[in-house]
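Here our numbering is used: the first residue of the sequence shown is 1, the next is one more, and so on.
Think of the CB as a built atom: it goes at the ideal place given N, C-alpha and C, for glycine as much as any other residue.
Before any comments, here is the structure.
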Amino acid sequence: MDSYFVIFCNPDGETCVIQHTRDELLHRLSTNYYGTRECFDSLPGEHPTDWNLRKPDGTLLIIKGKIVVPAEKEVQPVFEVE
1 MDSYFVIFCN PDGETCVIQH TRDELLHRLS TNYYGTRECF DSLPGEHPTD
51 WNLRKPDGTL LIIKGKIVVP AEKEVQPVFE VE
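Here it is as structure tokens:
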């Protein structure tokens, strides 16, 4: 099952990430849980002002996917000679 990650920047410049199921996300969007925010259609810049904080509620970035954790892999040394 896919998760949806809602990312937004609050007025203090802090970045918030909240994970939802599809149904949870649709419910929160339909009940204005996040206010009247618009949604980005691409990645914003890194500065808080790139998150449209001038708008009343700011802007959301919603990403569908899953959290991945890299697995450590033991590697044998590789030697090379001329």
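Thinking C-beta only, is residue j closer than 8 Å to residue i?
i, j, result
"residue 38", "residue 59", "yes"
"residue 8", "residue 61", "yes"
"residue 6", "residue 27", "no"
"residue 22", "residue 4", "yes"
What would DSSP say about residue i, mapped onto helix, strand or coil?
i, result
"residue 60", "strand"
"residue 3", "strand"
"residue 80", "coil"
Tell me the DSSP bridge mates of residue i?
i, result
"residue 15", "9"
"residue 38", "59"
"residue 65", "3"
Kindly indicate which residue of the options has the alpha-carbon position closest to the one of residue i.
i, options, result
"residue 2", "81, 25 and 31", "25"
"residue 67", "77, 18 and 41", "18"
"residue 41", "72, 30, 63 and 35", "63"
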